[in-house]
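Here numbering that gives the first Met the number 0 is used: position 127 in the sequence shown is 126, and no number is missing along the way. We put the beta carbon where it would ideally sit given N, CA and C, even for glycine. Below is one structure, written out as structure tokens; comments come after it.
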Amino acid sequence: MPTNPPPPKVDLHTHTHPSQPMPGVISIQSLSLSTGISFPEEQGLYYSLGLHPWELPSLGDDALEMLEYHLDREPRIIALGEAGLDRRCDTDFALQVHLFEEQIKISERRQLPLIIHLVGAQDELLRLHKKYSPRSPWVIHGFRGKPSSARPLLDKGLYLSFGEHYQGESLTLANHFGRAFLETDDQATLPIGSVYELASSVLGIEEEELTQSLWIRAQRLFSGRICWQ
Ligand SMILES: [Zn+2]
């Protein structure tokens, strides 16, 4: 009997841009309009694209138009982001909220998950979540908060993605809700395998089991837009 290939590890959010898929890994490469965009011919690569709060001042007035332009042309962009709210950066907060709301609307219209950068603005995020009642999933990436911060987000149906540093209890809680993911973010030398290894010991489950369950979870999150072999 033929055996199925083992499921891939999913790196939900990375700023590393290999031009070929890494063996055993599906990564969602985060792209930014300000650093230039290219799409290798290679199959098996996936992207997210959005307007990050840090880069808003350097973008032109046509940033939303450019975003839609790329979304129209590249089906391998399977998520919007990273987009979000950051009270500790210099970008005017009202501008952040405005462009985040525009990206919420795009993610709803195109039914793409939204990958969110969130710093010091959880109340505002929950206010917007209530305002829009989004059908597309929202994922807070690089979550480092306490379980008491994780809880209200999980209660509202949001996903949390964990990278190099996080509170183990928050990961455990998010995974209990079936809404945890793992990522390497901007840590170019951190293999996603190490993040899985640590998470499996934090969660007290075998790495194969964790890999399998996050793979199933990712296929649902991206509505089957990701393929493996
Ligand atoms: Zn990032």
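One or two residues paired with residue i in a DSSP bridge
{"i": "Y158", "result": "V138"}
{"i": "R113", "result": "Residue 113 is actually Leu in this sequence, not Arg. According to DSSP, L113 bridges with L79 and W137."}
{"i": "T13", "result": "Q28 and D184"}
{"i": "V194", "result": "V194 pairs with nothing; no bridge assigned."}
{"i": "G49", "result": "S31"}
{"i": "A179", "result": "L159"}
{"i": "V201", "result": "None; V201 has no bridge partner."}
{"i": "D85", "result": "V118"}
{"i": "K8", "result": "V24"}
Whether residue i touches residue j by CB criterion (8 Å)
{"i": "I114", "j": "H140", "result": "yes"}
{"i": "T15", "j": "A187", "result": "yes"}
{"i": "T90", "j": "L66", "result": "no"}
{"i": "Q102", "j": "L48", "result": "no"}
{"i": "I76", "j": "L70", "result": "yes"}
{"i": "L220", "j": "Y165", "result": "no"}
{"i": "A198", "j": "L172", "result": "no"}
{"i": "L32", "j": "L79", "result": "no"}
{"i": "R143", "j": "G119", "result": "no"}
{"i": "L11", "j": "L181", "result": "yes"}
{"i": "P20", "j": "L44", "result": "yes"}
{"i": "R216", "j": "G162", "result": "no"}
{"i": "S18", "j": "P39", "result": "yes"}
{"i": "P52", "j": "Q95", "result": "yes"}
{"i": "K8", "j": "T183", "result": "no"}
{"i": "Y195", "j": "E205", "result": "no"}
{"i": "L125", "j": "K155", "result": "yes"}
{"i": "L84", "j": "F99", "result": "yes"}
Heavy atom of ligand 1 within 7 Å of residue i beta-carbon
{"i": "D10", "result": "no"}
{"i": "D85", "result": "no"}
{"i": "H164", "result": "no"}
{"i": "G14", "result": "At residue 14 the sequence reads His, which differs from the Gly that was named. For ligand 1, at least one heavy atom lies less than 7 Å from the Cβ of H14."}
{"i": "D89", "result": "no"}
{"i": "P81", "result": "The amino acid at residue 81 is misidentified as Pro; the sequence shows Glu. Answer for E81: yes, Cβ within range of ligand 1."}
{"i": "H256", "result": "This structure does not reach residue 256, given that the chain is present from 0 up to 228, and the question cannot be answered."}
{"i": "F184", "result": "The sequence given here places Asp at residue 184; Phe does not occur at that position. Indeed, a heavy atom of ligand 1 lies less than 7 Å from the Cβ."}
{"i": "S31", "result": "no"}
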